[in-house]
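In what follows, a single structure is set out as structure tokens and then discussed.
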DNA sequence: GTCTATACTCTGATAGAC
DNA sequence: GTCTATCAGAGTATAGAC
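Residue numbers (the working numbering), protein chains in the order written: chain X, 20 to 245; chain P, 20 to 245.
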């Protein structure tokens, strides 16, 4: 997802992901970060502009991944219920797989400086409007029943984002499984129907396991325990 | 909720709530906190043991409020669907009303030191088991259809907790309204039924506006803009 | 209780040799 | 690219006068 990076840049990026997600951006020192990446504090600055830049990079990468995965996942699908279901799949799958990155994005938005905040806010709004459009289209053609679009969108997005906080790969559910469970939760919550029946995950044209293996080949191997 | 506090303690507490929720615990300095509370840094230490203590206090108060409000809100209600609905009402109402406090609890758990973490974790588990029991009871008597208890509980709790992050009193929905919307989202998501019909908020024995006015009289007046 | 002054450590970032 | 040495300021917390 990141545009060509050197091994050292990659190491720094991964170290930042570990520390920022575990201790928080503000609580992570430059010396600590350098140590985790196996460099001296000053060498760090040959690869990053500043701590702030590093955070912005992480957030940019995260939203780029989410955006491009969602776009290709929706490709060729017109039916609002199916589009919403695939958005949920992608969102949950990405949040469970890139937990550290997604938690940093979620928690440290407030640490961004002026210009950076606007940029990331724009990316977030672009992404969330995919959800908004699916909900509007589903309500308009009668395949969903959503009394309050705004509350539903915010609530359901939050639910799916939360996966990054509680999911553990060593837990009882695997990533794909959890994404399907969330599809069903969202379809029920929006009272989604297909034909005359209530829509369920098993009857929809969803993305399968191999699709995710192809779309997200560079999955992180390890993750923080905290 | 807090046990008898002096005006100065109260001012420090409120200043901490504002700053911790806006900038994060780690990013908030003692000098800044003292300034916001209208004291010198050293005077601060006549009222608090340390910055860590202050955080623990905030978390303790928050869970105590959530716990006691939920307990009295459930009083006399046996039906699992109604209990779940009331838990949602209380959770959302409290998270929308005491936004700063709830955001600090949510975001800064990792900043707690050893002993404190265990204490707060215990309080959280106690509280969440109220939700777990309602879901189990509803599934067992057939009034809810929840394929995966654990995922549903975590997902729905996260959705309701998220209200503290996006809710604004000046927005289109008022607090009570948002809580009812969430009751409907949760009832739909759990496929809750009453008799032969799907359960909806309007048909259940819920808590009304005046109940919340009585149960939570000491509402905070102002809230952070960030 | 309030304050000024300060201790000591750690912060992000840079200079300059190699 | 790597490093050691260092800067100026901010971190939490305390001493001690009032």
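Beta carbons are placed, not taken as given, at the ideal position from N, Cα and C, and that holds for glycine.
Remember, predicted model here, so these are calculated numbers, not experimental data.
*Roughly how many angstroms lie between the CA atoms of residue 182/P and residue 62/X, to the nearest whole one?*
Their Cα atoms are separated by approximately 42 Å.
*Could I get the ranges of all uninterrupted alpha helix (DSSP H) runs contained in the region 126-182 of chain X, with 4 residues as the minimum, in chain order?*
Assignment of alpha helix (DSSP H) within the region 126-182 of chain X, counting only whole runs of 4 or more residues, yields 133-159 and 168-180 in chain order.
*Answer with buried or exposed for residue 64/P, where buried requires no fewer than 16 other C-beta atoms within 10 angstroms of its C-beta.*
Result: exposed.
_Reduced DSSP secondary structure (H/G/I, E/B, other) of residue 228/P_ = If DSSP states are grouped into helix, strand and coil, residue 228/P belongs with the helices.
*Do the region 65-72 of chain P and the region 174-194 of chain P touch if we need at least three Cβ pairs shorter than 8 Å?*
Segments in contact, no.
*Look up residue 212/X in the DSSP assignment and say whether it is helix, strand or coil.*
Residue 212/X: strand per DSSP, three-state reduction.
*Since residue 187/X sits in a beta bridge, which residues does DSSP pair it with?*
Beta-bridge pairing links residue 187/X to no other residue.
*Is it right to say residue 237/P is buried, meaning 16 or more other beta carbons lie within 10 angstroms of its own, or is it exposed?*
Exposure of residue 237/P is indicated by the presence of fewer than 16 other C-beta atoms within 10 angstroms of its C-beta.
*Note down the Cα distance separating residue 158/P from residue 100/P, rounded to an integer number of angstroms.*
Each residue's Cα considered, the two are about 10 Å apart.
*Between residue 86/X and the rest of its own chain, which residues show a CB-CB distance below 8 Å, the 5 nearest in sequence each way excluded?*
Excluding residues within five positions, the ones whose Cβ falls inside 8 Å are 142, 145 and 146.
*How big is the Cα-Cα spacing for residue 228/P and residue 80/P?*
As the crow flies, the alpha-carbon of residue 228/P is around 23 Å from that of residue 80/P.
*asked:* According to DSSP, simplified to helix, strand and coil, what is residue 30/P?
replied: In the structure shown, residue 30/P sits in a helix (DSSP, three-state: H, G or I).
_Just verifying my parser: in three-state terms, what is the DSSP assignment at residue 217/X?_
DSSP places residue 217/X in strand when its eight states are reduced to three.
_Contact criterion: CB-CB distance below 7 Å. Does residue 181/X meet it with respect to chain P?_
So yes, residue 181/X belongs to the interface.
*Keeping to the same chain, check which residues put their C-beta closer than 7 Å to that of residue 49/X; ignore five residues upstream and five downstream.*
For residue 49/X, where only same-chain residues beyond five positions count, the Cβ hits under 7 Å are 60, 63 and 70.
*In the DSSP assignment, find the unbroken alpha helix (DSSP H) run with residue 116/X in it and report its ends.*
Under the DSSP assignment, residue 116/X falls in the alpha helix (DSSP H) whose first and last residues are 99-116.
*Round the Cβ separation of residue 210/P and residue 176/P to the nearest angstrom and send it over; I've been treating them as touching at under 8 Å.*
Cβ atoms of residue 210/P and residue 176/P stay farther apart than 8 Å, at about 18 Å.
*Would you say residue 220/X reaches chain P, if we count a Cβ-Cβ gap shorter than 7 Å as a contact?*
No, its Cβ sits nowhere closer than 7 Å to a Cβ of chain P.
*Quick one: which unbroken alpha helix (DSSP H) runs of 4-plus residues sit fully inside the region 21-93 of chain X? Chain order, please.*
Fully enclosed alpha helix (DSSP H) runs of 4 or longer: 26-42, 49-56, 60-63 and 70-93.
*CA-CA distance, residue 90/X and residue 153/P?*
In this model, residue 90/X and residue 153/P are separated by some 38 Å (Cα to Cα).
*residue 78/P and residue 124/P closer than 7 Å at C-beta*: In contact: residue 78/P and residue 124/P (Cβ atoms closer than 7 Å).
*Separation of residue 239/P from residue 233/P, as counted between CA atoms*: Answer to the nearest angstrom: the Cα atoms are 14 Å apart.
*According to the Cβ coordinates, are residue 46/P and residue 45/X closer than 7 Å?*
With respect to the 7 Å criterion, residue 46/P and residue 45/X are classified as neighbours on the basis of their beta carbons.
*Under 6 Å Cβ to Cβ from residue 231/X, same chain only, skipping five residues before and after it: list those, please.*
Correct list, in chain order: 112.
*Determine the chain P residues that contact residue 185/X at a beta-carbon separation under 7 Å, and present them in chain order.*
Those within 7 Å of residue 185/X in chain P are 173.
*For residue 110/X, which residues of its own chain have a beta-carbon under 6 Å away from its beta-carbon, when the five flanking residues on both sides are left out?*
Cβ neighbours of residue 110/X beyond the five flanking positions: 179.
_Between the alpha carbons of residue 171/P and residue 199/P, how many angstroms are there, rounded?_
Spanning the two alpha carbons is a distance of roughly 19 Å.
_Proximal residues to residue 268/X (C-beta, below 7 Å), its chain only, five neighbours per side dropped_ = This structure gives no information on residue 268/X, because the portion of chain X shown stretches from 20 to 245.
*Just the C-alpha distance for residue 41/P and residue 215/P, rounded to the nearest angstrom, thanks.*
The straight-line gap from Cα to Cα measures roughly 47 Å.
*Output the distance between the C-alpha atoms of residue 221/P and residue 26/P, rounded to the nearest integer angstrom.*
C-alpha separation (whole angstroms): 42 Å.
_Chain-ordered neighbours of residue 157/P on chain X, where CB pairs are closer than 8 Å_ = Those within 8 Å of residue 157/P in chain X number zero; the least Cβ separation is about 14 Å.
*asked:* If you measure between the beta carbons of residue 207/P and residue 156/X, is that distance less than 7 Å?
replied: It is not a contact, given that the beta carbons lie outside the stated cut-off.
*asked:* For residue 75/X and residue 131/X, which I take to be in contact (beta-carbon distance under 8 Å), what is that distance rounded to the nearest angstrom?
replied: Residue 75/X to residue 131/X, Cβ: 7 Å. Contact.
*Nearest candidate by alpha-carbon position, reference residue 105/X, set 93/X, 116/X and 97/X*: Distance check between residue 105/X and each of 93/X, 116/X and 97/X places 93/X closest, using alpha-carbon atoms only.
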